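A quick write-up on the structure given underneath.
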Amino acid sequence: MLIPITEASTRQLIPAIATGPQYRYCWGKPQDFLRRLLISVIVAVGALLAETLAGVSGEIALVVGILGGLYWWWGPIARAAQRNYRLRRYRYAAFWEGEIVDLYRSQARIGTEETVNAQGRLVLIDKVETRVNIEVVDENDFELRLQVPIKNDYKKLRRGQLVQLLLFSNDPQLAKLEAYSDAYVPALDLWVSDYPYLSRDAFKFTSARLISETEAARYDDRGRRR
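Numbering (full-length UniProt numbering), first residue to last: 1 to 226.
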């Protein structure tokens with residue numbers, strides 16, 4: 001099932017400002033917070049020194065100091081807004097529903113890290129992450145493979161369950177798929193995603209409305225054909 005949605009609906013489902021789940025995701029791990037806090041301290045101290053030693057305007061130094069000092073807090077908001085824009089920038093979007101036809105795990109390389117080997121030498125090793133691959137097919141045989149970091153809740157996923165998400169493209173016919181959102185499994189009330197792009201309550205409401213309207217239109221069409 002593929003149902004085009006308006007630009008206004010897209011803006012509502014993927015907000016420009018970070019939602020609660022998006023902010024928590026972008027907050028990161030403790031080391032991410034400490035990194036932002038260090039940057040905040042450096043910028044705040046730098047602004048103070050610039051005013052004292054370099055004669056920078058007090059107003060400018062104050063603004064820079066406040067903004068920089070609060071980077072630990074607003075950094076995740078800016079990061080979420082940047083990620084949201086990745087999908088908001090596409091001109092066309094559509095609601096899509098398909099059925100899970102296959103599930104399997106795989107390993108994905110997500111970067112490298114430094115470590116010391118048995119000989120005391122510094123070496124680089126690949127960082128890998130276990131991911132779940134979900135192959136979904138709709139009633140028109142369009143197939144999409146989702147790949148997300150594995151979570152315990154995903155053990156509940158089964159073949160035959162319906163999956164709902166948004167598809168994005170710059171083609172009005174959506175012939176060339178550019179991106180897709182996080183996915184929702186209604187039977188489990190479960191979200192399958194890495195980053196939570198969608199405003200979740202709004203998506204549930206919109207998906208129910210679109211499906212209801214589509215089914216009503218199909219019923220009316222069958223009635224007219226008789």
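The beta carbon of each residue, even a glycine, is placed where N, CA and C say it ideally should be. Treat the numbers as computed from the prediction; the structure is a model and nothing was measured.
Run the CB neighbour count on Q107, radius 10 Å, all protein chains shown included, and call it buried at 16 or more, exposed below.
-> exposed
Whole-angstrom distance between L146 and A202, CA atom to CA atom:
22 Å
**Item:** Sheet register partners of N133 (DSSP bridge)
**Value:** Y104 and Q147
Query raised in the report: According to DSSP, what are the bridge partners of P4?
Result: A94
Own chain, CB closer than 7 Å to G20, minus 5 neighbours either side, in chain order: none
- Kindly give me the distance between the Cβ atoms of K127 and T112, rounded to whole angstroms, as I take these residues to be in contact under 8 Å. 6 Å
- What's the gap between the Cα of L13 and the Cα of W96? 14 Å
Does the stretch 129 to 149 come close enough to the stretch 82 to 94 to have 3 or more Cβ pairs within less than 8 Å? no
Practice problem: Return the Cβ separation of G68 and A44 in integer angstroms, given the expectation that the two are a contact with Cβ distance under 8 Å. | Solution: 5 Å
- Item | Neighbour-count burial assignment, N84, 16 or more Cβ in a 10 Å radius | buried
#### Entry: Spatial neighbours of L190 in its chain, beta-carbon cut-off 7 Å, leaving aside the 5 residues before and after
D153 and K156
- Item | Nearest-angstrom Cα separation, counted from Y71 out to R209 | 40 Å
- Can you give the Cα-Cα distance for S181 and L167, rounded to whole angstroms? 7 Å
Notebook entry, point to check: According to DSSP, what are the bridge partners of D126?
Noted result: T112
**Report entry** Sequence-distant residues of the same chain with beta carbon closer than 6 Å to P76, five excluded per side
**Finding:** Y23, C26 and W27
Practice task
Below 6 Å CB to CB, which residues in the same chain sit around E135 once its five sequence neighbours on both sides are set aside?
Solution key: V101, D102 and R145
Handout entry: Sub-7 Å separation of V148 and V192 beta-carbons
Key = yes
- Can you say whether V123 is buried or exposed, counting buried as having 16 or more other CB atoms within 10 angstroms of its CB? exposed
Neighbour-count burial assignment, T6, 16 or more Cβ in a 10 Å radius = exposed
Practice item. With a 10 Å radius around its C-beta and 16 neighbouring C-beta atoms as the bar for buried, classify V63 as buried or exposed. Key: exposed
What runs of the beta strand (DSSP E), each 3 residues or longer, lie entirely inside the stretch 166 to 199?
183 to 185 and 190 to 192
- Rounded C-beta distance between Q161 and Y184? I'm assuming under 8 Å. Actually they are not in contact, since the Cβ atoms of Q161 and Y184 sit about 11 Å apart, beyond 8 Å.
Is the beta carbon of A18 sitting closer than 7 Å to the one on A80?
yes
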